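Residue numbers for the sequence shown follow numbering that gives the first Met the number 0, so the first one is 0 and each next one is one higher.
Note that beta-carbon positions come from the ideal geometry of N, C-alpha and C, so glycine has one too.
Since the model is a prediction, treat every value here as computed from it, not as a measurement.
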Amino acid sequence: MSGSDRILLAHGSGGRLTQALVRETFLPALDNPFLATLSDSAVLPKLPPGRPALTTDAFVVDPPVFPGGDLGYLSVCGTVNDLAVAGARPLWLTFAVILEEGLSADLLLTFVRGAARAAAEAGVQIVAGDTKVVPEGKGDRMYAVTAGLGVVPEGRDLGDRRIRPGDAVLISGSLGDHGATIMASRHAMGGPGLRSDCAPLASLAEGLLSSGADVRSMHDPTRGGVAVTLNEVAGRAGVSIVLDESCLPIRPEVAAIAEILGLDPLYLASEGRLLAWVPAGDRERALEALRSHPLGRGAARIGVVKEAREGAVPVLLRTRVGGERPVDLLSGADLPRIC
0 MSGSDRILLA HGSGGRLTQA LVRETFLPAL DNPFLATLSD SAVLPKLPPG RPALTTDAFV
60 VDPPVFPGGD LGYLSVCGTV NDLAVAGARP LWLTFAVILE EGLSADLLLT FVRGAARAAA
120 EAGVQIVAGD TKVVPEGKGD RMYAVTAGLG VVPEGRDLGD RRIRPGDAVL ISGSLGDHGA
180 TIMASRHAMG GPGLRSDCAP LASLAEGLLS SGADVRSMHD PTRGGVAVTL NEVAGRAGVS
240 IVLDESCLPI RPEVAAIAEI LGLDPLYLAS EGRLLAWVPA GDRERALEAL RSHPLGRGAA
300 RIGVVKEARE GAVPVLLRTR VGGERPVDLL SGADLPRIC
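This is how it looks when you write it as structure tokens:
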């Protein structure tokens, strides 16, 4: 990177070092015709038929490199997945970074290559970006801010308003892998079987939506995990949700970390899983579609939608011994800085 192995304040000044940073680090990894112009804006072709879908997100994670991914890979996956679970086909992304003075050039390259790898896997292009540098001690290595643009094909209608009592609640794989991996990495407790589930879900979601099953709604259970996502959905849909503990796909490594740290796997983030709501009669068709994809082989039905109960917590867990316990929203910051 023009002779410097660390990010300097001058890399954010707009001068020669900024130009060198862009041309030597970002362009080779993210190269595409839109980005290569280095214009103030990416002028894109006409969108395919359908409704535009736009999302934005910001990413911070500690540690920034973890088993199964890194901050750059996570940033692109998270943005793609927000579009995918809305029923959109992701097309283009923006990728802006805020770098801390003193950041290793090699670590930055890891982030940028991670973003490029995720974009390639998802079939999207990063068409615009920005770089800022803050003084040492004023940041935490790197923050990423993204936006994503996609198209919801004509005739496709997803939304929590469509969820009805009796619908099945599905998940595409084991829950809590990302959150458990981050927490274990912070405490130097990781093992060979513990790895983030971080992955772009566009092709998995598209396969489910093309299966013929009436997919009512989809979400990715990131911050707050399955528990928080289900509470939010139940509130918007005006229903309650009952989970079956015996059906929850939790890997032994995740369960072990959660037990050691006193955490509930239901609240651990996943970055490569989707939740889907389908009518009971479409459950098997939807599960078959999910399981036919490499990212959905562990798909399972984990619960059912019920009528809302006045004054009651909207999400309940039916335990293995036949009891029930509430699965409520977090009252504080359980897992800071994981995604």
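Check each candidate in the options and name the one with the smallest Cα separation from residue i.
i: L148; options: A226, L73, P47 and I170; result: P47
i: A307; options: I181, V60 and I162; result: I162
i: D4; options: S12, H292 and T24; result: T24
i: C197; options: L229, R155, R282 and G295; result: G295
i: R50; options: L16, G178, E99 and L90; result: L90
i: K131; options: A118, T93, E120 and I97; result: I97
i: P248; options: V320, R215 and S173; result: S173
i: L102; options: R140, L286 and F94; result: R140
i: Q18; options: R317, G297 and D129; result: D129
i: A233; options: L20, L34, L328 and V111; result: L328
i: I301; options: L169, E99 and V150; result: L169
i: L316; options: S239, D281 and G280; result: S239
i: D61; options: H186, E231 and E120; result: H186
i: L274; options: S216, L92 and E100; result: S216
Going by the beta-carbon positions, is the gap between residue i and residue j smaller than 9 Å?
i: L193; j: A83; result: no
i: A268; j: G224; result: yes
i: V312; j: V303; result: no
i: V227; j: D176; result: no
i: D159; j: R272; result: no
i: D69; j: P63; result: yes
i: G86; j: D156; result: yes
i: S209; j: R319; result: no
i: M182; j: L260; result: yes
i: V79; j: P199; result: yes
i: S195; j: G67; result: yes
i: I6; j: A95; result: no
i: A201; j: V150; result: no
i: A127; j: A212; result: no
i: E100; j: L8; result: yes
If you draw a straight line from the alpha carbon of residue i to that of residue j, how long is it in whole angstroms?
i: A299; j: W276; result: 12 Å
i: V133; j: A143; result: 13 Å
i: T109; j: D243; result: 40 Å
i: A255; j: M188; result: 11 Å
i: F58; j: E153; result: 31 Å
i: R339; j: S171; result: Lying outside 0 to 338, the shown extent of the chain, residue 339 is not represented and no answer is given.
i: G206; j: A117; result: 19 Å
i: E270; j: L26; result: 26 Å
i: G77; j: T145; result: 9 Å
i: V241; j: V314; result: 6 Å
i: L229; j: D263; result: 15 Å
i: T36; j: I125; result: 13 Å
i: D81; j: K305; result: 26 Å
i: S74; j: A288; result: 26 Å
i: P191; j: A52; result: 38 Å
i: T54; j: R15; result: 33 Å
i: G11; j: H292; result: 42 Å
i: K137; j: P251; result: 39 Å
i: T180; j: Y72; result: 15 Å
i: D30; j: G321; result: 56 Å
i: L107; j: V214; result: 39 Å
i: P376; j: D281; result: Lying outside 0 to 338, the shown extent of the chain, residue 376 is not represented and no answer is given.
i: P335; j: G165; result: Annotation note: pLDDT 46 at P335 (below 50); position unreliable, no value reported.
On the DSSP bridge assignment, give the partners of residue i in chain order.
i: V168; result: W276 and G302
i: H186; result: H186 is not bridged to any residue.
i: H218; result: L274
i: R5; result: S103
i: L329; result: DSSP, once it has assigned bridges, lists no residue as partnering L329.
i: L345; result: Outside the modelled stretch of the chain, which goes from 0 to 338, sits residue 345, for which no answer is possible.
i: S239; result: K305
Every unbroken beta strand (DSSP E) within the segment 96-161, with a cutoff of 3 residues, ordered by chain: 124-133 and 141-151
Residue ranges of each beta strand (DSSP E) within the segment 14-98, 3 or longer: 50-58
Continuous beta strand (DSSP E) assignments of at least 3 residues falling wholly in the segment 255-324: 274-277, 299-306 and 314-317
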